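To start, the structure itself, in structure tokens.
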Amino acid sequence: MHHRSRSGSFLDPRTFLLLLLIANVITFSQMSLWIEMGWIVFVDSMILLSGIYKMAVKWILLFCILLLLQYIVLPASPEIIATIFVILVNYSIRMFPCLMIGSFMMREISLRQFVLAMRKLHFSEKLIISLSVTIRYFPAIKEEIYHIKDAMSLRKIKSSKKLEAMLVPLMMSAAATAEELSAAAVTRGIENPIKKTSLLTLKLNFNDYACCVIGCLFLVGTFILK
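In my numbering, the protein residues as written are 178 to 403.
As structure tokens, then:
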């Protein structure tokens, strides 16, 4: 499980979608910490094998910190502090499998690969258009935030006014960004009803089959230990 597919990613986008579905089932169907910990180790191993070492270390450290908070720090904390943070920490741990595989998928595959995978799986074109615009939206907003921060630094805005200086232009640009991305998608012919072609080739390889089998084993284990 070390070679990459022709598309350049460690796994085929369809495999990522299956693993994301399995992660959601594990998150909302089981109460066993061991299943969740095993899944975290499995996904972290995939990230390591794909060569994204920094991301793998960050995720495993964050999970260890959350476990430390839930089982050691919060039980020893005053009741009011434990009450405030226990729900946040608990739900963070519960959602961790989905967040982990989701971030790995976004890092590994491009929007073109994702759209092609959805078309191969016969998703509705309306859903494909909505998702493709949404996926482009968040990076655009993130870039806009960086521009606003740079502008605030140049103008030396006081700390007391930074929140207002950030939110007002961000809210004004959010709607405009959505319209621009929608117009760009239409210009590129994404709404054209004829069958689309692509220079990309998606093909399942050993990595995909191995990860699908392991993911299905986790799924079976989830229902057995439920």
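A virtual CB, placed ideally from N, CA and C, is assigned to each residue, including glycine.
Quick caveat: nothing in here was measured; it's all calculated off a predicted structure.
Between cysteine 389 and methionine 223, which are expected to be in contact by the criterion C-beta below 8 Å, what is the C-beta distance as a whole number of angstroms?
Counted from its first residue, the sequence shown places residue 389 at position 212. Counted from its first residue, the sequence shown places residue 223 at position 46. Going by Cβ atoms, the distance from cysteine 389 to methionine 223 rounds to 12 Å, so no, they are not a contact pair.
Can you tell me which of the three DSSP states glycine 398 falls into?
To locate residue 398, count along the sequence shown from 1; it is residue 221. Residue state, collapsed to three classes: helix.
How should valine 234 be labelled, buried or exposed, when 16 other C-beta atoms within 10 angstroms of its C-beta is the threshold for buried?
Counted from its first residue, the sequence shown places residue 234 at position 57. Counting Cβ neighbours within 10 Å, valine 234 comes out exposed, since fewer than 16 surround it.
For a test of the three-state rule: what should DSSP assign to aspartate 189, helix, strand or coil?
Looking up residue 189 in the sequence shown gives position 12. Three-state DSSP puts aspartate 189 in coil, outside helix and strand.
C-alpha distance - glutamate 341 paired with alanine 352, whole-angstrom precision
Here residue 341 refers to the residue found at position 164 of the sequence shown. Here residue 352 refers to the residue found at position 175 of the sequence shown. Cα to Cα, the separation comes out at about 18 Å.
Would you mind reading off the limits of the alpha helix (DSSP H) that contains isoleucine 237?
Numbered from 1 along the sequence shown, position 60 holds the residue referred to as residue 237. Segment 230 to 245, the alpha helix (DSSP H) holding isoleucine 237.
Are the Cβ atoms of serine 206 and leucine 402 separated by less than 8 Å?
Walking along the sequence shown from the start, residue 206 turns up at place 29. Walking along the sequence shown from the start, residue 402 turns up at place 225. Cβ atoms of serine 206 and leucine 402: not closer than 8 Å.
Cβ-based neighbour list, proline 190, same chain, cut-off 6 Å, excluding 5 preceding and 5 following
Counted from its first residue, the sequence shown places residue 190 at position 13. Same-chain partners within the cutoff: Ile286, Gln290, Phe291 and Ala294.
From arginine 183 to histidine 299, what does the alpha carbon distance come to, in whole angstroms?
Indexing the sequence shown from 1 puts residue 183 at position 6. Indexing the sequence shown from 1 puts residue 299 at position 122. Note that arginine 183 has pLDDT 49, beneath the 50 cutoff, so the model's placement of it is unreliable and no number is given.
Out of curiosity, what's the CA-to-CA distance linking leucine 225 and lysine 335?
Within the sequence shown, the letter at position 48 stands for residue 225. Within the sequence shown, the letter at position 158 stands for residue 335. Each residue's Cα considered, the two are about 42 Å apart.
Threonine 364 beta carbon less than 8 Å from that of tyrosine 314:
Locating residue 314 in the sequence shown gives position 137, counting from the first residue. Locating residue 364 in the sequence shown gives position 187, counting from the first residue. Their beta carbons are not under 8 Å apart, which means tyrosine 314 does not touch threonine 364 by this criterion.
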